[in-house]
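K.L.:
The structure that follows is given in the form of structure tokens.
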Amino acid sequence: MRLKIHKEGKKILLTLFAAMVLINVIAFQYVDSQVVFGLLLGVTSIAYVLISTFFRNPRRYAVQPKDTQVFSGVDGKVVVIEAVTEPEYFHAPMRQISVFMSPANVHVTRYPVSGVVEYSQYHPGKKRVAWSPKSSLENERTTVVIHNATLGRILYRQVAGAMARRIVNYATVGQHVGRGADSGFIKFGSRLDVFVPLDFKVCVSLGQKVRGGETVLAEIAEKAEERKEKESSPTF
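Each number in my numbering comes from the position in the sequence shown (counting from 1) with 403 added on.
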């Protein structure tokens, strides 16, 4: 099956390919040992293939998605599920669900819900390891809030880690976005925080592996859904 490359990686991979070809052409001209040349060709080829996998962008399809569900925006492992006070936008208690991406994971980020982008903010920062509790507020990061007619406002935060070198965020205020569509890219790392209301039902557990655009992180609990329906119903 053909490897689909994300657009953020195409320029980088083209530059690396040109450099690899140049190095091997020079080596072919000046290295007398066929063994040494063969090793160099093998090492550079393997390195190129490995780097290419960082930028893969597989298609993802959720099975029977519901409007009441919040999906994972990235591939990785769930490392945080806790009630916290979200300090940037809500300034109120929320449920934080964080997914850590290893270098081997797909690094595409996807919109966890559909709706209208109400907030999108970039913050420069440090390069702490992504599993550090301080990374969510001190590392380079972007914060995005999407308003969904059923779910309300859902916040997600791209967080760069020690290996990440650049966060790419496509979300702009006023933009209508679709769940599962590309929302950005974190080059070589590393974590995504999602904040949902406390009364939502969490559908994952610590240590669970998830897939962006496919795994449900949380959903509206029945009582919360009934309350939202009453709040949205007209009164006479």
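All residues carry an ideal CB built from backbone N, CA and C; glycine is no exception.
With distance defined between alpha-carbon atoms, name the residue in Phe420, Asn427 and Arg569 nearest to valine 452.
P.N.:
Out of Phe420, Asn427 and Arg569, Phe420 has the C-alpha closest to the C-alpha of valine 452.
K.L.:
Excluding the 5 residues preceding and the 5 following phenylalanine 639 in the sequence, name in chain order all residues of the same chain whose CB lies nearer than 8 Å to its CB.
P.N.:
Confidence is the limiting factor: at phenylalanine 639 the pLDDT is only 45, short of 50, which leaves the residue's position unreliable, though a coordinate-based value still follows. So no residue of the chain qualifies.
K.L.:
Do leucine 416 and serine 455 come within 8 Å of each other at the CB atom, strictly closer than that value?
P.N.:
In this structure, leucine 416 lies closer than 8 Å to serine 455 by Cβ.
K.L.:
What number of angstroms, rounded off, separates the C-alpha of lysine 414 from the C-alpha of arginine 459?
P.N.:
Cα-Cα distance, rounded: 14 Å.
K.L.:
Identify whether tyrosine 451 lies in helix, strand or coil by the three-state DSSP scheme.
P.N.:
In the structure shown, tyrosine 451 sits in a helix (DSSP, three-state: H, G or I).
K.L.:
Please determine if the region 470 to 486 and the region 605 to 622 are in contact, where contact requires at least 3 C-beta pairs separated by less than 8 Å.
P.N.:
Enough Cβ pairs lie closer than 8 Å, so yes.
K.L.:
CB-CB under 8 Å to glutamate 622, same chain, minus the five flanking residues each way: which ones, in chain order?
P.N.:
Only Lys469, Thr471, Gln472, Val473, Phe603, Lys604 and Cys606 meet the Cβ criterion.
K.L.:
Are glutamine 499 and valine 487 close, meaning C-beta to C-beta below 8 Å?
P.N.:
Yes, the pair counts as a contact, with Cβ atoms nearer than the cut-off.
K.L.:
Does the Cβ-Cβ distance between isoleucine 570 and threonine 546 come in under 8 Å?
P.N.:
Going by C-beta atoms, isoleucine 570 is not nearer than 8 Å to threonine 546.
K.L.:
For phenylalanine 598 and arginine 560, what's the separation of their Cα atoms in angstroms?
P.N.:
When rounded, the distance between both Cα atoms is 9 Å.
K.L.:
Grab me the residues of glutamate 625's own chain with a C-beta within less than 6 Å of its C-beta, minus the 5 sequence neighbours each way, in chain order.
P.N.:
Closer than 6 Å at the Cβ level, and outside the excluded window around glutamate 625, lies no residue.
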